[in-house]
Ligand SMILES: Cc1cc2nc3c(=O)[nH]c(=O)nc-3n(C[C@H](O)[C@H](O)[C@H](O)COP(=O)(O)O)c2cc1C
Ligand code: FES
């Protein structure tokens, strides 16, 4: 989405430019809500859809959402940066989330997190150079009974010791290697 | 007198019964497998898969699998129940693929149970809650689980269906008196009656504030503005709690029914669920419940033939703790940054899009059907003078049996931690019990006979909160845990008001100095002053409650702070700056486990000879301490 498109008043041109950036189901969702009462309330839902599709909220996707939903880009960005769940950077193939909730903390989640950082060579919020893993922390996955837990993509593992973490990582790396062959 | 509503309900119930009889479990062996997030994490999907394969290859059509929600017995998952007609039910703990094979070939096919794998190691039936005369409403639950002491010591009202029902089946819910309460309410067609029942029940909000639900409903219903909203708060932000997730995933219909009844009582036409995005399964199950109810005429236009319309939809949270606060939550549904507003006006006066709005917690709604079906007076009789009913706690931390437990309000803390939780892990001494999460406080072990109820807990400087209960042993450092909670609130502060934004940051800096060994005694006064200031002047509940862990720990554990500052010692040996690791040459047998696991290779020593640690390179990660099986590594 370039400057020219965003400053034109040619709606067709804007829509076409958005179509280049956003998938059809998100466009349909925005347009379907447009005439409803309180449609601006769906902004967070739209951002969830964008993140589910692309894995993160990019500059151009947020711009397209702003244009199409006719919400100022400043507000879209403001909302996107307020909520921790939204990522503004591309993520790795596998998303590793270490729970740093209370139950996990008292059962040693910090050590688990340290081991992950050591093995992956990255900090929270970063992605490994090969693009395989992104590391993040979250507060309570609601499985405190299994503390300390780590969530890889949508699967929860626990209870884990730092050694278990190494084993778990190795399993993913191996799977990726096999897939690559 | 038959009315359209009672006709509707009866035919609904008949249809549900015949649907269940058709696909039925009657006369068959039922294998019950829990399927909530926690069970999935523990491997219940593998277990399901393995049972399915075994049933298929056995060719038997007399065995069915029943997927249920979560009983709350987290540390023993996955749990499998085997129900053979005419025999007492048997539950197994920590089932995996191998155990499935054994259970199938021995217990199911030959009729020989495996006591060594039974839940809590017992096959004897004890008196369930039913028999001991507590409540009759959890009859189905105690029929299934009444022999396990973890459950018999509880009293299930809000969680009476959790672990009993298939959370994705409307028919099953209806067969256990589901929608009977709504039918009663709609056929009485008297919202005031509903509000009065809830008032009589003395139900206080379970989301943390503890406001009388009936009172809140009354305020909303008396507003002149007729467009009104109802919201179910499923944001569950306390970083150590999962009660609401448990109920949303295990018994979505009863929360939903409670919410419809609430909507009717206050005259709302539209409802919203605000559920955190981190709970995908809960979202899926609520969506499923909404869809099924819509199709069955229990939601939408002309509900149950009563002529009343009500719609609901789900909105997702996006990982901001402050959005659990009601005014911030409203902003979030409006599509804004979730920053709170000054109250009053309260949402019941001016809420979502400026209209009167009632916000209630998941567990609050989960209690409503029980109140309508059994009467407000009965509900009140379960709790205390001050507040009726039970409370669900997420019991976690250093306790033997972790999980969700539900007890009548007024139960002594001790009974929860020791009676149900089995006491402290490794039989270490209890140090404190933390309730209320980052907004709560510490209750020292010496006060463990305190009753769990709103009043008594706040009197000692903690709060009831939404139900987090963390057990701390002598191995936990109070200063460290306070720092943990404060780092949470500091990170989650939305930044709108100065006392909270700056106050939490400065307090955290002081706590870091204390645990880092560079604090002076004046810092303690400064900390206390800041804490009080933040408590009195912050805009919303987040900032006002943020100092609670500090103030309550200063009240009950001040000497530990002083030890950190003056003696530079941490008695729990948690604060890394104050400890170092040494190898006791007499105890070390030279197994090299520590050498192999040291990430910085700072341990020297030959096989079968005592090792030693090079202090100048040690990063104090504690790996050697964890790995040594001979207690040769010492923290000093
Ligand atoms: C910072 C903060 C976080 C909160 N988080 C939650 C929450 O996660 N769930 C909840 O039900 N209530 C939460 N509350 C309380 C709500 O503001 C509100 O009181 C509650 O949802 C009302 O429902 P109830 O009366 O049924 O308890 C929070 C309050 C504050 C100040
Ligand atoms: S604290 Fe980690 S799952 Fe709850």
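Protein chains in written order, with the numbering used here: chain A, 980 to 1160; chain B, 683 to 1318. Just so it is clear, CB atoms sit at the ideal spot from N, CA and C, and this is done for glycine as well.
Could one say the Cβ of residue 1149(A) lies closer than 8 Å to chain B's Cβ atoms, at least one of them?
Looking up residue 1149(A) in the first chain gives position 170. No - not a single Cβ of chain B is within 8 Å of the one on residue 1149(A).
Segments assigned alpha helix (DSSP H), at least 4 residues, entirely inside the region 819-885 of chain B:
821-827, 831-834, 852-857, 862-870, 873-882
Whole-angstrom C-beta distance between residue 1116(A) and residue 1070(A), which should lie under 8 Å:
As a first step, residue 1070(A) is located in the first chain; it is residue number 91 there, counting from the start. As a first step, residue 1116(A) is located in the first chain; it is residue number 137 there, counting from the start. So it is not a contact: roughly 14 Å between Cβ atoms.
Terminal residues of the continuous alpha helix (DSSP H) containing residue 1192(B)?
Taking the first residue of the second chain as position 1, residue 1192(B) is located at position 510. Element bounds for residue 1192(B): 1180-1198.
Does the beta carbon of residue 813(B) sit closer than 8 Å to a beta carbon anywhere in chain A?
Position 131 of the second chain, counted from the start, is the residue given in the question as residue 813(B). The predicted position of residue 813(B) is uncertain, since its pLDDT is 41 and thus under 50; a value taken from the coordinates is nonetheless stated next. Chain A contact via Cβ: absent.
With hydrogens ignored, establish whether the beta-carbon of residue 1158(B) is closer than 7 Å to any heavy atom of ligand 1.
Here residue 1158(B) refers to the residue found at position 476 when the second chain is read from its first residue. Flag unset: Cβ of residue 1158(B) not near ligand 1.
Can you tell which of 1275(B), 1065(B), 1165(B) has its C-alpha closest to the C-alpha of residue 837(B)?
Translated into the one-based positions of the second chain, residue 837(B) becomes position 155. Here the closest residue by C-alpha is 1065(B).
Residue-level contact to chain B via CB, residue 1090(A), 8 Å cutoff:
Indexing the first chain from 1 puts residue 1090(A) at position 111. Yes, contact with chain B.
Among 1219(B), 755(B), 771(B), 758(B), which one has its Cα closest to the Cα of residue 713(B)?
Sequence index remark: in the second chain, residue 713(B) carries index 31 (1-based). Checking every option, the nearest Cα to that of residue 713(B) belongs to 771(B).
With a threshold of 8 Å on Cβ separation, who are the neighbours of residue 1132(B) within its own chain once the five nearest residues in sequence on each side are excluded?
Taking the second chain and counting its residues from 1, the one referred to as residue 1132(B) is at position 450. Only 1094, 1095, 1125, 1138, 1139, 1142 meet the Cβ criterion.
Would you report the Cα separation of residue 1053(A) and residue 1031(A), rounded to the nearest angstrom?
On the first chain, residue 1053(A) is found 74 positions in, with the first residue counted as 1. On the first chain, residue 1031(A) is found 52 positions in, with the first residue counted as 1. Between residue 1053(A) and residue 1031(A), the C-alpha separation is close to 22 Å.
Which word fits residue 1128(B), buried or exposed, when buried means at least 16 other C-beta atoms lie within 10 angstroms of its C-beta?
For the purposes of this step, residue 1128(B) is identified with residue 446 of the second chain, where counting begins at 1. Classification for residue 1128(B): exposed.
Within 7 Å of chain A by C-beta, residues of the region 707-721 of chain B in sequence order:
719, 720
Between the CA atoms of residue 835(B) and residue 1102(B) - distance to the nearest angstrom:
Stepping through the second chain from its first residue, residue 1102(B) is reached at position 420. Stepping through the second chain from its first residue, residue 835(B) is reached at position 153. When rounded, the distance between both Cα atoms is 6 Å.
Tell me which same chain residues have a C-beta within less than 7 Å of the C-beta of residue 995(B), skipping the five on either side of it?
The residue labelled residue 995(B) in the question sits at position 313 within the second chain. Around residue 995(B): 954.
For residue 1080(B), return the contacting residues in chain A, with the cut-off set at a CB-CB distance below 9 Å.
In the second chain, counting from the first residue as 1, residue 1080(B) sits at position 398. Within chain A, the residues near residue 1080(B) are 1085, 1086.
Could you compute how far the alpha carbon of residue 1087(B) sits from the alpha carbon of residue 1043(B)?
Here residue 1087(B) is taken as the residue at index 405 of the second chain, counted from 1. Here residue 1043(B) is taken as the residue at index 361 of the second chain, counted from 1. If I take the Cα positions, the gap works out to 17 Å.
Quick check: residue 1148(B) and residue 1234(B), are their CB atoms within less than 8 Å of each other?
On the second chain, position 466 is the one that residue 1148(B) refers to. On the second chain, position 552 is the one that residue 1234(B) refers to. Going by C-beta atoms, residue 1148(B) is not nearer than 8 Å to residue 1234(B).
Could you pull the DSSP bridge partners for residue 1076(A) from this structure?
In the first chain, residue 1076(A) corresponds to position 97, counting from 1. In the DSSP output, where bridge partners are listed per residue, residue 1076(A) has 1115(A), 1130(A).
Leaving out five residues on either side along the sequence, give the residues of the same chain with a beta carbon under 8 Å from the beta carbon of residue 983(B).
Here residue 983(B) refers to the residue found at position 301 when the second chain is read from its first residue. Cβ neighbours of residue 983(B) beyond the five flanking positions: 991.
Using a Cβ-Cβ distance cut-off of 8 Å, determine whether residue 921(B) contacts chain A.
As a working note, residue 921(B) is residue 239 in the second chain. Yes - at least one Cβ of chain A is within 8 Å of the one on residue 921(B).
Spatial neighbours of residue 1127(A) within its chain, please: CB distance less than 7 Å, with the 5 preceding and 5 following residues excluded, ordered by chain position.
Your numbering for residue 1127(A) matches position 148 in the first chain. 1078, 1083, 1086, 1087, 1088, 1091, 1137, 1138, 1139, listed in sequence order.
Quick one: is residue 1033(A) near chain B, going by C-beta distance under 8 Å?
By one-based count along the first chain, residue 1033(A) stands at place 54. Not one chain B Cβ lies under 8 Å of residue 1033(A).
Give me the residue from 840(B), 873(B), 1016(B), 1010(B) with the minimum Cα distance to residue 934(B).
To locate residue 934(B), count along the second chain from 1; it is residue 252. Residue 840(B) is the option with its Cα nearest to residue 934(B).
Assuming contact is defined by CB atoms lying nearer than 8 Å, are residue 785(B) and residue 764(B) in contact in what I supplied?
For the purposes of this step, residue 785(B) is taken as residue 103 along the second chain, with counting starting at 1. For the purposes of this step, residue 764(B) is taken as residue 82 along the second chain, with counting starting at 1. In contact: residue 785(B) and residue 764(B) (Cβ atoms closer than 8 Å).
Give a yes or no on contact between the region 839-854 of chain B and the region 929-943 of chain B, applying the rule of three or more CB pairs nearer than 8 Å.
yes
Within 8 Å (strictly less), CB to CB, does residue 1097(A) reach chain B?
In the first chain, the residue the question calls residue 1097(A) occupies position 118. With 8 Å as the cut-off, residue 1097(A) counts as an interface residue toward chain B.
Which chain B residues sit within Cβ distance under 8 Å of residue 1136(A)?
As a position in the first chain, residue 1136(A) is number 157, starting the count at 1. Those within 8 Å of residue 1136(A) in chain B are 723.
Closer than 8 Å, Cβ to any Cβ of chain B: which residues of the region 1056-1072 of chain A, in chain order?
1057, 1058, 1061, 1062, 1063, 1064, 1065
Can you tell me whether DSSP reads residue 1028(B) as helix, strand or coil?
Looking up residue 1028(B) in the second chain gives position 346. DSSP places residue 1028(B) in coil when its eight states are reduced to three.
Per DSSP, the bridge partner or partners of residue 789(B)
Residue 789(B) sits at position 107 when you count from the first residue of the second chain. Note: residue 789(B) sits in no beta bridge, so no partner.
Less than 8 Å between CB atoms is the rule here; does residue 1166(B) satisfy it with respect to chain A?
One-based indexing of the second chain puts residue 1166(B) at position 484. Yes, its Cβ sits closer than 8 Å to a Cβ of chain A.
Please check if any C-beta of chain A sits within less than 8 Å of the C-beta of residue 1281(B).
Here residue 1281(B) refers to the residue found at position 599 when the second chain is read from its first residue. With 8 Å as the cut-off, residue 1281(B) counts as an interface residue toward chain A.
Does the beta carbon of residue 1019(A) sit closer than 8 Å to a beta carbon anywhere in chain B?
Start at 1 with the first residue of the first chain, and residue 1019(A) comes out as number 40. Yes - at least one Cβ of chain B is within 8 Å of the one on residue 1019(A).
DSSP-derived helix/strand/coil call for residue 924(B):
In the second chain, the residue the question calls residue 924(B) occupies position 242. Note: residue 924(B) maps to coil in three-state DSSP.
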